[in-house]
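What follows is a single structure, written as structure tokens, with notes after it.
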Amino acid sequence: MVTNDLAPPENAAEVLERVRAAWASLESALAGLSEAQLTQLGPFGWSVKDHLTHIAAWERGLTALLRRRSAAVGFGISPGELARLDIDQLNDVLFQRDKTLPLSAALDSGRRAHAELMEALETLSDEDVSKTLGEYGAETPNPEKSLLQRIAADSYAHYAEHQVWIGELLSALR
């Protein structure tokens, strides 16, 4: 079956398929990279490892929301801190916190974050994915935003976005 990846998923099974497909694509792009390739800083000061810890942090934030808790819990910061940060500031806080993680710890953390996200996504019903964050019961300052939009932004669309940047980073390092 051919699907239009620009159209939103219509049910919980399609959400899972989008996440799985985008994750598999990202993993394929990373396959065979050496430790040096994963840890060397690119022109914008991030390594591939930094992209992966960033993705994992956002997955943990999404998992917290799917468990009807504040994304702050997933990010490992206080709700007050999350409320006062814009997205760039939040990304910088996460980057500064995680940039010194050893590669093995970063990779392990990323695998755990993804597994936990998949567990949370697998509990969603078709009815759930048609709800807003508020209707779903997520603890969020944006209750009117659709759950599907948040899932896309913090998972499959996020993986694709960073996969492009990782490709550009690796090209710049050649």
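Note that the sequence shown covers residues 6 to 179 in the working numbering. Ideal Cβ placement from N, Cα and C applies to all residues, glycine included.
(1) In angstroms, rounded to a whole number, what distance separates the CA positions of Arg155 and Leu67?
(2) May I ask you to report which of helix, strand or coil DSSP gives Glu144?
(3) What does the alpha-carbon distance come out to for the pair Phe134 and Arg179?
(4) Excluding sequence positions up to five away, which residues of its chain have a Cβ less than 7 Å from the Cβ of Asn147?
(5) Please name the residue in Val53, Asp93, Ser176, Glu144 whose C-alpha comes closest to that of Ala41.
(6) So, does the segment 73–83 touch the segment 32–51, judging by three or more C-beta pairs under 8 Å?
(7) Report all residues from its chain with a CB closer than 7 Å to the CB of Ala88; omit the five preceding and five following residues, and keep chain order.
(8) Tell me whether the beta-carbon of Ala118 lies closer than 7 Å to the beta-carbon of Arg65.
(9) First and last residue of the alpha helix (DSSP H) that includes Arg155?
(10) Excluding the five sequence neighbours on either side, which residues of its own chain have a C-beta within less than 7 Å of the C-beta of Arg74, listed in chain order?
(11) Would you list the residues sitting across from Ser75 in a DSSP beta bridge?
(12) Hey, out of Ser114, Leu153, Lys104, whose CA is closest to Asp131's CA?
(13) Count the other CB atoms, across all protein chains shown, that sit within 10 Å of the CB of Ile92; report buried if there are 16 or more and exposed otherwise.
(14) Look at the Cβ atom of Val24, then the Cβ atom of Tyr161, and state whether they are nearer than 7 Å.
(15) At the level of alpha carbons, what is the spacing between Ser176 and Glu127?
(16) What number of angstroms, rounded off, separates the C-alpha of Ala111 from the C-alpha of Trp170?
Walking through what the data contain:
(1) Along the sequence shown, read from residue 1 onward, the residue named residue 155 stands at position 150. Along the sequence shown, read from residue 1 onward, the residue named residue 67 stands at position 62. Approximately 8 Å between the Cα atoms of the pair.
(2) Position 139 of the sequence shown, counted from the start, is the residue given in the question as residue 144. For Glu144, the secondary structure class from DSSP, reduced to helix, strand or coil, is strand.
(3) Stepping through the sequence shown from its first residue, residue 134 is reached at position 129. Stepping through the sequence shown from its first residue, residue 179 is reached at position 174. The amino acid at residue 134 is misidentified as Phe; the sequence shows Val. Taking the straight line from one Cα to the other gives about 42 Å.
(4) Within the sequence shown, numbered from 1, the residue matching residue 147 stands at position 142. Cβ neighbours of Asn147 within its own chain (closer than 7 Å, five residues either side excluded): Leu138.
(5) Taking the sequence shown and counting its residues from 1, the one referred to as residue 41 is at position 36. Out of Val53, Asp93, Ser176, Glu144, Val53 has the C-alpha closest to the C-alpha of Ala41.
(6) Fewer than three beta-carbon pairs drawn from the segment 73–83 and the segment 32–51 are found closer than 8 Å, and the two stretches are therefore not classed as touching.
(7) For the purposes of this step, residue 88 is taken as residue 83 along the sequence shown, with counting starting at 1. Within its own chain, the residues whose Cβ lies closer than 7 Å to the Cβ of Ala88, once the five positions on either side in sequence are excluded, are Pro146, listed in chain order.
(8) Within the sequence shown, residue 118 is the residue found at index 113, counting from 1. Within the sequence shown, residue 65 is the residue found at index 60, counting from 1. A contact, by the Cβ cut-off of 7 Å.
(9) Along the sequence shown, read from residue 1 onward, the residue named residue 155 stands at position 150. Here the alpha helix (DSSP H) through Arg155 covers 152–159.
(10) For the purposes of this step, residue 74 is identified with residue 69 of the sequence shown, where counting begins at 1. Cβ neighbours of Arg74 beyond the five flanking positions: Glu144.
(11) For the purposes of this step, residue 75 is identified with residue 70 of the sequence shown, where counting begins at 1. In the DSSP output, where bridge partners are listed per residue, Ser75 has Glu144.
(12) Position 126 of the sequence shown holds residue 131. Of Ser114, Leu153, Lys104, the residue nearest in Cα terms is Leu153.
(13) Locating residue 92 in the sequence shown gives position 87, counting from the first residue. Ile92 counts as exposed, since fewer than 16 other C-beta atoms from the protein chains shown sit within 10 angstroms of its C-beta.
(14) Position 19 of the sequence shown, counted from the first residue, corresponds to residue 24. Position 156 of the sequence shown, counted from the first residue, corresponds to residue 161. The answer is yes: Cβ separation under 7 Å.
(15) Sequence index remark: in the sequence shown, residue 176 carries index 171 (1-based). Sequence index remark: in the sequence shown, residue 127 carries index 122 (1-based). Taking the straight line from one Cα to the other gives about 36 Å.
(16) What you label residue 111 is simply residue 106 of the sequence shown in a count that begins at 1. What you label residue 170 is simply residue 165 of the sequence shown in a count that begins at 1. Straight through space, the alpha carbons of Trp170 and Ala111 are spaced by roughly 18 Å.
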